[in-house]
Amino acid sequence: MDKLNRLDESSLEKITGGIAEAGDDEEAKKRTPPQLMLIACKYCEQPFEADVQKDSALCPHCGKVNQFFG
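Residues 709 to 778 (my numbering) are what the sequence shown spells out, left to right.
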C-alpha cells in the first residue's frame, strides 16, 4: 500500500481557505455582517429585529433579554 501524504495544518488552511485566512476568531466574528431576523419577544410578544448569530437580544419594547438556544 502506498504511503499517504498528510498536509500540515497551515498547508490545509491555505487550500481550504480556513480560519488562518480570516485571522483571529474574534476578529473574524467582528467582520461578519449581522444576520438579522424579525423575532417576537418572548415576554411582550412585540416583533423586533435581532442578530441570530448572537445568543441573546435585548427587546427594545420591554427591555428584557431574549435568549436563543441551539
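Where a beta carbon is used, it is the ideal one built from N, C-alpha and C, also for glycine.
Applying the criterion that 16 or more other CB atoms from any shown protein chain within 10 Å of the CB defines a buried residue, is residue i buried or exposed?
{"i": "A758", "result": "buried"}
{"i": "A748", "result": "exposed"}
Taking the continuous alpha helix (DSSP H) assigned at residue i, which residues delimit it?
{"i": "E721", "result": "E717 to T724"}
Helix, strand or coil for residue i per DSSP?
{"i": "E753", "result": "coil"}
Could you give the residue range of the beta strand (DSSP E) that holds residue i?
{"i": "N713", "result": "It is not in any beta strand (DSSP E) - N713 carries neither H nor E in the DSSP assignment."}
{"i": "Q775", "result": "V773 to Q775"}
Which value, in whole angstroms, describes the spacing of the CA atoms of residue i and residue j?
{"i": "D763", "j": "E721", "result": "28 angstroms"}
{"i": "H769", "j": "E753", "result": "9 angstroms"}
{"i": "L766", "j": "T740", "result": "20 angstroms"}
{"i": "D790", "j": "K738", "result": "Limits of the chain in this structure are 709 at one end and 778 at the other, which puts residue 790 out of reach."}
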